[in-house]
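Colleague: I am attaching a structure below and will ask some questions about it afterwards.
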Amino acid sequence: MTVGDIYRAQHARSLADREGFWLEQADAIDWYRRPDRALDDSRAPFYRWFPGGELNTCHNALDRHVDAGHGDRLALIYDSPVTGTQRRYTYREFRDATAELAGAIAALGVDKGDRVIIYMPMIPEAAMAMLACARLGAIHSVVFGGFAAKELVSRIDDCAPKLVLAASCGVEPARIVEYKPLLDQAIDMARHKPAHCLVLQRPQCKATMVDGRDLDWATFVAGKPPAACVPVAATDPLYILYTSGTTGQPKGVVRDNGGYCVALHWSMKNLYGVAPGEVWWTASDVGWVVGHSYIVYGPLIYGATSILYEGKPVGTPDAGAFWRVIAEHKAVALFTAPTAFRAIKREDPDGKLLKKHDLSRFRTLFLAGERGDPPTIEWAQRLLKVPVVDHWWQTETGWVICGNFVGLELMPVKPGSTSVPAPGWDLQVLDAEGHAVKPGEIGAIVGKLPMPPGTFPTLWNADDRYRQAYLAEYPGYYKTGDAGFIDADGYVSVMTRVDDVINVAGHRLSTGQMEEVLASHDAVAECAVIGVADELKGQVPLGFLVLKAGVEQPDSEIVAEVVRMVRDRIGPVAFFKTAVVVARLPKTRSGKILRGTMQRIADSQDYKAPATIDDPAVLNEISVALKPAGYARK
1 MTVGDIYRAQ
11 HARSLADREG
21 FWLEQADAID
31 WYRRPDRALD
41 DSRAPFYRWF
51 PGGELNTCHN
61 ALDRHVDAGH
71 GDRLALIYDS
81 PVTGTQRRYT
91 YREFRDATAE
101 LAGAIAALGV
111 DKGDRVIIYM
121 PMIPEAAMAM
131 LACARLGAIH
141 SVVFGGFAAK
151 ELVSRIDDCA
161 PKLVLAASCG
171 VEPARIVEYK
181 PLLDQAIDMA
191 RHKPAHCLVL
201 QRPQCKATMV
211 DGRDLDWATF
221 VAGKPPAACV
231 PVAATDPLYI
241 LYTSGTTGQP
251 KGVVRDNGGY
261 CVALHWSMKN
271 LYGVAPGEVW
281 WTASDVGWVV
291 GHSYIVYGPL
301 IYGATSILYE
311 GKPVGTPDAG
321 AFWRVIAEHK
331 AVALFTAPTA
341 FRAIKREDPD
351 GKLLKKHDLS
361 RFRTLFLAGE
371 RGDPPTIEWA
381 QRLLKVPVVD
391 HWWQTETGWV
401 ICGNFVGLEL
411 MPVKPGSTSV
421 PAPGWDLQVL
431 DAEGHAVKPG
441 EIGAIVGKLP
451 MPPGTFPTLW
461 NADDRYRQAY
471 LAEYPGYYKT
481 GDAGFIDADG
491 YVSVMTRVDD
501 VINVAGHRLS
511 TGQMEEVLAS
521 HDAVAECAVI
531 GVADELKGQV
541 PLGFLVLKAG
551 VEQPDSEIVA
561 EVVRMVRDRI
571 GPVAFFKTAV
581 VVARLPKTRS
591 GKILRGTMQR
601 IADSQDYKAP
611 ATIDDPAVLN
621 EISVALKPAG
631 YARK
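The UniProt record's numbering numbers the first residue of the sequence shown as 1 and each following residue consecutively.
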């Protein structure tokens, strides 16, 4: 048997025998009524997984482990360097606290199918809130803590929550972000008015309460009779998670209960290679899909111990923060965004801070969210001496589209590639006319329908929008919106968003490929490439460079060298002639670089700071940096 045979057999079976494969995986979770078939395709393209099945996701995440005798196993480790706080919860303690909170939510009239918005920072009560809603069969919608009032309004009006669960504030390394005034403003502006807000008062900031609507979390929840788990259909929604829409109206991605439980359980063992009882850390936020799937639901459904971290990769207190958390809590694996490692690499390029910590139990680093550029992956491999797995997924998919399935067998790592498709994914690369391209050629990456369990069945109250946004352009396929290629070995490389493939004098070029070259320069910590308008060539590439700490080489020399490197490695067809050095890149709070906004700045177009931006001030810095190069004249 050669390397890859185990994976290939599983993947082939998942496509040839969907019923058998996924019903077998469904046996790993608890059902009140076990489904007798896996897929309902009677309303294609609106597919439904495990029809007829009944379960409860909170039961699968908490109660069943207690019932099986694992109540004293650690479920959650809360580590908050920004507040100097740590807390640990066993499965029994977390189950009991969640059941009590669910009892309080039920006392406020929340029933199965009602919506609840959760507007909270990275604290254990945020995870409890999600699970308490799931316990009752209510549908939660987590909004990233600190989102602007206008963004909250759109979500409140779209999902019409009966209740909002909130905290008084979030704690950042250098400031306190008051949530309650933003929530009050949003409710004032919204057409829909939630009946109640249950507010957790944090010690760092006491919120002003609105009489008749707001309730104090600690006072109201304490002593409430614990709520039992409510059976729901496998096809019932577990949550709505909003993602940005091109029209300005956010898209409410719906996640079901049954398919999600099955997929996450399978992935914890087979993708991430974690055993029940081991410590697993996802350095993300519960406001993002990664936090939903792999801080809260995935590890708890599987019976692992999950770390919930309220801090940053650098600055809390330094670039050794991640190493401290891994060593202190004996984590066997970490899942984070490449941008986190680029930040660590920038501050501590030689990894001196790593030497202070014992990472002997640490086995694997998983990266996703932005393309894992080969220089960063190779740097992490040298530093950590463990496999570094770049994998690819989206808010819409809920779990991995492509990855290296460590729990099945570790296949060769190809830096720059997200490895191979997950079970249930039949991926193809198509050109603009919808025809398959040759191996190695860049095109739009699409997935043949149906998508596997755990992916989104539709958008909230927007079936037509779901069809138009994701299914209409390539009939029979899900449009991922990403561009890349599949090589002769079946490895998938996601190079960029389709919108970031630029057309230079008729040549379609990937900005991700150019970024890979820039990132390989010894002085470059982070980079981005965008396409800017050009009268002669249509578009030309423009690079942005963030340099490592302590670099003494003049900026002009570094720019000249990267221009030469792109010419040598990609060729003059790229027409890469301009790059600017900047102090930082504009990013979302999840670490994605805002290339589209940068492009509008460079092309002197009107723009506004996206709601998800980490720090709007960086956009002005980009504009100032571009002016000497002849861009951003407005």
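Yeah, the Cβ is synthetic: ideal placement off N, Cα and C, and Gly gets one too.
This one's a predicted model, so the numbers in the text were calculated from it and none came from an experiment.
Classify asparagine 461: buried if its beta carbon has 16 or more other beta carbons within 10 angstroms, exposed otherwise.
Modeller: exposed
Colleague: Which residues does DSSP list as the beta-bridge partners of alanine 436?
Modeller: Leu430
Colleague: Taking only three categories from DSSP, how would you classify proline 628?
Modeller: Helix at proline 628.
Colleague: Give the secondary structure of leucine 365 by DSSP, where H, G and I count as helix, E and B as strand, and everything else as coil.
Modeller: In the structure shown, leucine 365 falls within a strand segment according to DSSP collapsed to helix, strand and coil.
Colleague: In three-state terms, what does DSSP make of alanine 462?
Modeller: For alanine 462, the secondary structure class from DSSP, reduced to helix, strand or coil, is coil.
Colleague: Taking only the alpha-carbon atoms, compute the straight-line gap between lysine 548 and valine 582 and give it to the nearest angstrom.
Modeller: 11 Å
Colleague: Relative to the alpha-carbon of proline 412, which residue among Val388, Leu383, Ala422 has its alpha-carbon at the smallest distance?
Modeller: Val388
Colleague: For arginine 346, count the other beta carbons within 10 Å of its own beta carbon; 16 or more makes it buried, fewer makes it exposed. Which is it?
Modeller: With 16 or more Cβ atoms within 10 Å of its Cβ, arginine 346 is classed as buried.
Colleague: Residue range of the beta strand (DSSP E) that glycine 298 falls in?
Modeller: DSSP places glycine 298 in no beta strand (DSSP E) but in the uninterrupted alpha helix (DSSP H) bounded by 298 to 302.
Colleague: Cα separation between threonine 246 and cysteine 169?
Modeller: Residue placement at threonine 246 is flagged as unreliable, the pLDDT there being 49, under the threshold of 50; the coordinate-derived value follows with that caveat. Whole-angstrom Cα-Cα distance: 30 Å.
Colleague: Flag this pair as touching only if the region 427 to 434 and the region 446 to 454 have three or more C-beta atom pairs under 8 Å; answer yes or no.
Modeller: Note that the region 427 to 434 touches the region 446 to 454; at least 3 beta-carbon pairs, one per stretch, sit closer than 8 Å.
Colleague: For proline 124, name the three-state secondary structure that DSSP assigns.
Modeller: helix
Colleague: What's the C-alpha gap between glycine 351 and leucine 383?
Modeller: 7 Å
Colleague: Between which two residues does the alpha helix (DSSP H) containing cysteine 261 stretch?
Modeller: Start and end: 258 to 270.
Colleague: From this set, Ile613, Gln599, Ser556, which residue's C-alpha is nearest serine 623's C-alpha?
Modeller: Gln599
Colleague: The alpha helix (DSSP H) that contains glutamate 561, what's its start and end?
Modeller: 555 to 569
Colleague: Report the residue from Trp288, Arg255, His329 whose alpha carbon sits nearest the alpha carbon of tryptophan 281.
Modeller: His329
Colleague: If I follow the unbroken alpha helix (DSSP H) through glutamate 347, where does it start and stop?
Modeller: 338 to 347 is the extent of the alpha helix (DSSP H) around glutamate 347.
Colleague: So, helix, strand or coil for threonine 246, using DSSP?
Modeller: Residue confidence is low: threonine 246 scores 49 on pLDDT, short of 50, so the model does not pin down where it sits. Its coordinate-derived value is still stated next. Note: threonine 246 maps to coil in three-state DSSP.
Colleague: Anyone know if the C-beta pair for valine 504 and glutamine 539 falls short of 9 Å?
Modeller: yes
Colleague: Which term fits serine 284, buried or exposed, when burial requires 16 or more other beta carbons within 10 angstroms of its beta carbon?
Modeller: buried
Colleague: Quick check on the DSSP output: what are the complete alpha helix (DSSP H) runs of length 4 or more inside the region 144 to 194, in order along the chain?
Modeller: Taking only runs of at least 4 residues, the alpha helix (DSSP H) segments lying wholly in the region 144 to 194 are 149 to 159, 180 to 189.
Colleague: I believe alanine 400 touches leucine 264 by the beta-carbon criterion, under 8 Å. Please report the beta-carbon distance rounded to the nearest angstrom.
Modeller: According to the sequence displayed, residue 400 carries valine and not alanine. About 10 Å separates the two Cβ atoms, so there is no contact after all.
Colleague: For the candidate residues Gly443, Leu471, Val524, Arg497, whose alpha-carbon lies nearest to that of alanine 343?
Modeller: Val524
Colleague: Nearest-angstrom Cα distance between glycine 476 and proline 45?
Modeller: Each residue's Cα considered, the two are about 8 Å apart.
Colleague: Enumerate, from N- to C-terminal direction, the unbroken beta strand (DSSP E) stretches of 3 or more residues contained entirely within the region 56 to 133.
Modeller: List check, beta strand (DSSP E) in window: 74 to 80, 85 to 90, 115 to 119.
Colleague: Cα-Cα, which of Leu163, Gly145, Leu76, Thr588 is closest to isoleucine 309?
Modeller: Checking the displayed sequence, the identity of residue 309 turns out to be tyrosine instead of isoleucine. The residue with the shortest Cα to Cα distance from tyrosine 309 is Leu76.
Colleague: Report the residue from Ala129, His70, Lys150, Ala148 whose alpha carbon sits nearest the alpha carbon of histidine 140.
Modeller: It is Ala129 whose Cα lies nearest to the Cα of histidine 140.
Colleague: Starting from methionine 495, follow the beta strand (DSSP E) in both directions and report where the run begins and ends.
Modeller: 492 to 497
Colleague: Name the DSSP bridge partner or partners of cysteine 402?
Modeller: Answer is Trp392, Pro421.
Colleague: To the nearest angstrom, how far is it from the Cα of alanine 68 to the Cα of aspartate 27?
Modeller: 16 Å
Colleague: Mapping the DSSP letters down to three states, classify phenylalanine 485 as helix, strand or coil.
Modeller: The three-state secondary structure of phenylalanine 485, taken from DSSP, is strand.
Colleague: Residue 707: which of Trp392, Gly4, Thr235 sits nearest, CA to CA?
Modeller: Past the edges of the chain, shown from 1 to 634, lies residue 707, and the structure says nothing about it.
Colleague: Could you have a look at glutamine 605 and say whether DSSP puts it in helix, strand or coil?
Modeller: coil
Colleague: Given valine 171, which residues of its chain have a CB within under 8 Å of its CB, disregarding the five upstream and five downstream residues?
Modeller: Ser80, Val82, Thr83, Pro121, Val177, Arg202, Gln204, Glu310
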